[in-house]
Amino acid sequence: MAPKKVFGIVLAGGEGKRLMPLTADRAKPAVPFGGNFRLIDFALSNLVNSGLQKIVVLTQYKSHSLDRHVAETWRMEGLLGSYVASVPAQQRLGKRWFAGSADAILQSLNLLRDERPDIVVVVGADHVYRMDFSQMIEAHINSGRSATVAAIRQPIGLADQFGVIQVAEDDPTKIDAFLEKPKDAVGLADSPGEILASMGNYVFTADALVDAVLRDGQIETSAHDMGGDIVPDFVSRGDAGVYDLQRNDVPGSNERDRFYWRDVGTIDSFFDAHMDLIAPVPVFNLYNQDWPIFNQQTNLPPAKFVRDGNGNTGSTVDSIVSLGCLLSGAQVERSVIGPWCGIDSGAKVLDSIVFERASIGAGAIVNHAILDKDVVIAPGAQVGVDRETDEARGFTVTESGITVVGKGVRVEA
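For the sequence shown, the positions run 23 to 435 when our numbering is used.
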């Protein structure tokens with residue numbers, strides 16, 4: 023039997039309002055993460071590592087930096103017909119933008135008609151995780167169903183934060199109901215304290231997906247959402263299955279990070295995901311060479327750590343420091359530093375995330391903060407030390423006390 027033709031769609035049109043001001047000038051999937059990466063790199067790496075060779079990224083909101091990143095980073099072998107292509111909203115069905123994730127696919131059906139795939143993998147662009155989709159595709163084909171939803175086990179107390187999958191009593195792989203943030207979720211038969219939460223990743227038989235989005239497009243009351251409308255449609259017809267991430271075995275993973283999946287939709291979750299990277303035994307391991315997370319290969323010098331002009335040494339512990347950085351007699355602890363950053367004599371960066379090309383002057387303090395690209399912290403200035411001062415400057419400060427400084431801002435002492 024001939025192998026199935028598989029086509030990948032990455033939904034990357036998210037506005038990411040809850041990540042403001044990090045999304046003030048870019049789409050959510052383009053937000054830098056972990057020093058050298060963008061959020062979309064995790065979804066694309068998983069698809070490419072899984073053997074997919076034809077992938078499109080559907081973009082819409084402030085997409086320039088995202089389109090540029092995809093074009094510069096994800097260059098596949100054209101001679102073999104492989105590609106990762108960014109596809110902006112094209113208004114093919116009238117003068118309107120995407121009304122939802124299902125509508126994004128509806129307005130992009132020309133891509134499916136051109137490629138004529140047997141299977142379509144649809145994933146979100148802004149989650150941090152590892153997953154071998156080839157195993158999910160195999161399970162989907164073997165099930166004989168038209169739709170399969172990837173799910174991860176979560177504590178039942180968190181059910182009201184997720185789309186929850188309720189399975190059939192006689193078949194734990196068949197979806198009996200798809201519940202959006204239920205208050206009264208029922209635990210799993212084999213683990214009463216857990217529920218199956220949708221990961222926002224789907225595998226469809228191509229013809230069935232096309233039919234579903236076409237029908238959904240005719241329903242005026244629909245929100246045209248993959249999770250809220252398309253999946254429940256398949257469930258109502260008894261044609262949807264669930265793929266428990268516990269069945270997935272990613273090469274190089276360990277018990278600590280095998281089932282890691284995080285939705286970084288808020289400043290707090292974005293910050294916490296970074297802290298997972300720098301733990302002495304990381305909760306999510308960026309150094310898995312058997313299942314790499316790919317990123318833009320830029321021509322940068324190594325990071326450099328030197329004494330300051332007075333011969334004072336700095337210290338850097340429990341941190342990630344990217345290429346191109348120069349740290350001169352500075353103290354960096356429990357932080358992630360992006361490319362081309364400079365941190366001068368006596369400066370302290372503690373429990374923080376610093377994006378590309380930030381400059382932190384001598385004696386400055388950055389504590390429990392996120393600095394966007396091109397931020398300048400003047401010598402002696404402080405961020406994240408006094409909440410009232412930060413708020414008076416117009417900075418975003420979360421309830422948990424994380425201060426966010428927007429792109430290109432200069433902070434004076």
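Glycine is no exception: its CB is placed at the ideal position from the N, C-alpha and C atoms. Fair warning: this is a prediction, and the values are worked out from it, not measured in the lab.
Of the residues assessed, Gly166 falls on the exposed side of the cut-off, its CB having fewer than 16 other CB atoms within 10 angstroms. Distance between Gly430 and Ile197, taken at the CA atoms: about 48 angstroms. DSSP places Gly185 within a strand segment (E or B) once states are collapsed to three. Here the segment 289 to 309 does not lie against the segment 209 to 217, with fewer than 3 beta-carbon pairs under 8 angstroms apart. Within the segment 40 to 80, complete alpha helix (DSSP H) segments of at least 4 residues are found at 62 to 71, given in chain order. Fully enclosed alpha helix (DSSP H) runs of no fewer than 4 residues occupy 86 to 95, 123 to 128 and 131 to 137 of the segment 83 to 150, in order along the chain. If you draw a straight line from the Cα of Tyr265 to the Cα of Gly274, it is about 21 angstroms long. Distance from the CA of Asp136 to the CA of Ala230, rounded to the nearest whole angstrom, comes to 17 angstroms. Of the candidates Leu88, Arg329 and Ala380, Leu88 places its Cα closest to the Cα of Gly36. Nearest to Thr243 by C-alpha distance, out of Gly122, Thr320, Gly428 and Ser337, is Gly122. In the pairwise beta carbon analysis, the segment 363 to 375 is classified as touching the segment 329 to 345: at least three pairs are separated by under 8 angstroms. Gln268 is classed as exposed because its beta carbon has fewer than 16 other beta carbons within 10 Å across all chains shown. Exclusion of the five residues before and after Gly249 leaves Ser123, Gly185, Phe200, Glu202, Ser220 and Gly222 as the residues of its chain whose Cβ lies within less than 8 angstroms of its Cβ. Collapsing the DSSP output to three states places Gln404 in a strand. In the DSSP assignment, Gln353 falls within the beta strand (DSSP E) that extends over Gln353 to Glu355. Relative to the Cα of His91, the nearest Cα in the group Ala400, Leu349, Gly360 and Gln318 belongs to Gln318. The distance from the Cβ of Lys326 to that of Asp140 is about 51 angstroms, inconsistent with a contact at the 8 angstroms cut-off.
DSSP, reduced to helix, strand and coil, places Ser244 outside both helices and strands of the structure shown, so it counts as coil.
Residue pairing of Phe29 in beta bridges, as defined by DSSP: Val142. In the DSSP annotation of this structure, the continuous segment of the beta strand (DSSP E) that includes Val328 starts and ends at Lys326 to Val328.
Between Ile424 and His390, the gap from beta carbon to beta carbon is short of 7 angstroms. Going by beta carbons, Leu393 and Val354 fall outside the 7 angstroms limit. Taking 7 angstroms as the cut-off, the beta carbon of Ser350 is found closer than this to the beta carbon of Asp330.
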